[in-house]
Each structure stands twice: as C-alpha cells, then as structure tokens.
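Respectively, the protein sequence lines represent chains A and B.
Its first residue numbered 439, the first sequence is counted upward by one per residue in my numbering.
Its first residue numbered 13, the second sequence is counted upward by one per residue in my numbering.
A virtual CB, placed ideally from N, CA and C, is assigned to each residue, including glycine.
Keep in mind it's a predicted model, so treat the numbers as computed, not measured.
Have a look at the structure below before the remarks.
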Amino acid sequence: MNKNRPVNLELGTLKFPPMAIASILHRISGIVIFLLLPLMLYFLEQSLISKQNYQALLGVLAMPLIKLVIWGFLAATIYHLFAGIRHIIMDFGVGETVEAGRMSSIIVIVAAVVAILLLGVWIW
Amino acid sequence: MVTNVTSLTGNGLRDWLVQRITAIYIGVYVLFLLGYLIISPSINFTQWHHLFSCLWMQVASIIAIFSILLHAWVGIWTVTTDYIKATKLRIIIQSLVLLYLSSLFVWGIHIFWGA
Chain A
439 MNKNRPVNLE LGTLKFPPMA IASILHRISG IVIFLLLPLM LYFLEQSLIS
489 KQNYQALLGV LAMPLIKLVI WGFLAATIYH LFAGIRHIIM DFGVGETVEA
539 GRMSSIIVIV AAVVAILLLG VWIW
Chain B
13 MVTNVTSLTG NGLRDWLVQR ITAIYIGVYV LFLLGYLIIS PSINFTQWHH
63 LFSCLWMQVA SIIAIFSILL HAWVGIWTVT TDYIKATKLR IIIQSLVLLY
113 LSSLFVWGIH IFWGA
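Structure (structure tokens):
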C-alpha cells in the first residue's frame, strides 16, 4: 500500500450534513434506550408492586439526578420516535430526494428539540 | 441468497419488516402511555395500578415488551455488525445482547402479568 496516500481524518474538515446527524442520533438514542431499559423497568415494577413502593418511588423520582436520567430517557425516546416516523415515511417512497432528506432531517431535529424541552418543563 | 446466522430472522428483508411493524406498535404504545400520564397530572397508585391490572393493558404491555425485544435485537445487531469488525468479539457481544434482551423480556412478563 502507498504509505504517502492522502489521509483525511481531521474532524474539522469532515462535513456532516443534517441527514448524517439525524442518522447517528437515531443510533445513539436507540443505544441510550437499550441501556436504560432495566432502570425504567425497575421503576415501573416498583410503581406497581404496592402503595408503599409507589410512595417510595415518588421520593426517588424527585431526586435531581434521577429526574435528569428520566429526562434523558424520554429525550432519547422522543428523538428515536420522530426519526423513526421519518424513516417509515421514506419507506413509503415519500421524500427520498437529497433535498427532501435534508429538509426532513432538519424538521425531525428541530421538532425533537422542542418536544424534549417541553418534556423537561413537564418533569420539573 | 445472503443470509446471516446472527440476525433475528437470518434474512435482511424479513428483519427490516419486523423492525418496522414492531416500531409502529411500540410507537403507539409509548404515545398512549405518555398521553395518559400527561392528561392525568394528579394520578395516584390506585388509578395507576388499575390501568395495569386491566387484561387488555396486560396483553398490550406484554406485546410491547416482546416488540421491544425483537426491535432492539434488529437495531443493536445492525449497529454491532457495522462497528465491531472482529468476528469473535462481535458474536460474543451479540450473544450477551440477546441474553440481556431476553432477560428484560421475561422480567417484563413477570411485571405486567403480576400487576
């Protein structure tokens, strides 16, 4: 192999179009949901076992760090949902051009940011 | 035909379809649950427990956790296949992911059926 071949791994020179950002966020949000599932199932279990566990859980959920984790989980869920809806619309053959893909990526990211902020207001 | 031994169905088109169908089911379930919580801000244990003890909700929830098992398997399989190039390591990680997801599924059944 030619050792002098051009190598371009300068992150600052790589371009990330909105479609690439929407795509990688879809993957990252999926992994976040995947990793937080046991904690969420644990909370759900505690909320259903008994009234005492339910009350104790309310105390845990009021802790700032736990609230932040819940918000993170909901943020990942909302983003994953919105990006997934975009995917399925494109599967039906709608908006498959480069320009439409760019536009829908921006819409998904902006809509998700708005929804995530509203969820934050709802939690706090 | 190219098949893959570690993917959910061993067939890309079938994996793709399973991922979409489960996505729609989970999406509807999550929106229902989120909507329910948003419209009932002063919810208490009795109401919450009542919702999850209805047979239709138990069935819907168990189908949801089953859908999550299938959906996450396809999704995590895709991501690990893309990024982990060492075959032995990838198979080990994918096996652990399957064990993890199966455990969550069985635990989920226990939670929902017992509610």
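Point to revise | Same chain only: Cβ atoms within 7 Å of A/G539, ignoring 5 sequence neighbours per side | key: M457 and G533
Review point. So what's A/E537 in DSSP terms, helix, strand or just coil?
Key: helix
Point to revise | Helix, strand or coil at A/A500 according to DSSP, with G and I counted as helix | key: coil
Exercise for review: Apply the 10 Å Cβ neighbour rule to B/G120 and answer buried if 16 or more other Cβ atoms are within range, or exposed otherwise.
Suggested key: buried
Check your understanding: So, does the CB of B/H62 fall closer than 8 Å to a CB anywhere in chain A?
Key -> no
Check your understanding: So, are the CB atoms of A/L463 and A/A513 less than 8 Å apart?
Key -> no
Check your understanding: Using DSSP with H/G/I as helix, E/B as strand and the rest coil, what is B/R102?
Key -> helix
Practice item. Quick one: list the residues of chain A neighbouring B/L116, beta-carbon separation under 9 Å, in chain order. Key: L475, P476 and L479
Practice item. Return the CA-CA distance between B/M13 and B/N23, expressed in angstroms with no decimal places. Key: Since pLDDT at B/M13 reaches only 49, below the 50 mark, its modelled position is unreliable, and the value read off the structure follows with that caveat. Cα to Cα, B/M13 sits roughly 9 Å from B/N23.
Check your understanding: Should the segment 56 to 71 of chain B be regarded as contacting the segment 481 to 495 of chain A, the criterion being three or more beta carbon pairs within less than 8 Å?
Key -> yes
Review point. Any idea what DSSP makes of B/I33, helix, strand or coil?
Key: helix
Practice item. Below 7 Å between beta carbons is the criterion; list the residues of the segment 83 to 116 of chain B that meet it against any residue of chain A, in chain order. Key: A84, G87, I88, V91 and L116
Exercise for review: Grab me the residues of B/I96's own chain with a C-beta within less than 7 Å of its C-beta, minus the 5 sequence neighbours each way, in chain order.
Suggested key: R102 and I105
**Study point:** 7 Å Cβ shell around B/L82 - same chain, five flanking residues per side excluded
**Key:** L20, V30 and T34
**Study point:** Interface residues of chain B facing A/W560 [CB-CB closer than 8 Å]
**Key:** I50
Review point. Hey, does B/A57 have any beta-carbon neighbour from chain A nearer than 8 Å?
Key: Here residue 57 of chain B turns out to be Phe, not Ala, going by the sequence shown. Closer than 8 Å: yes.
Check your understanding: Any C-beta of chain B sitting closer than 8 Å to the C-beta of A/G468?
Key -> yes
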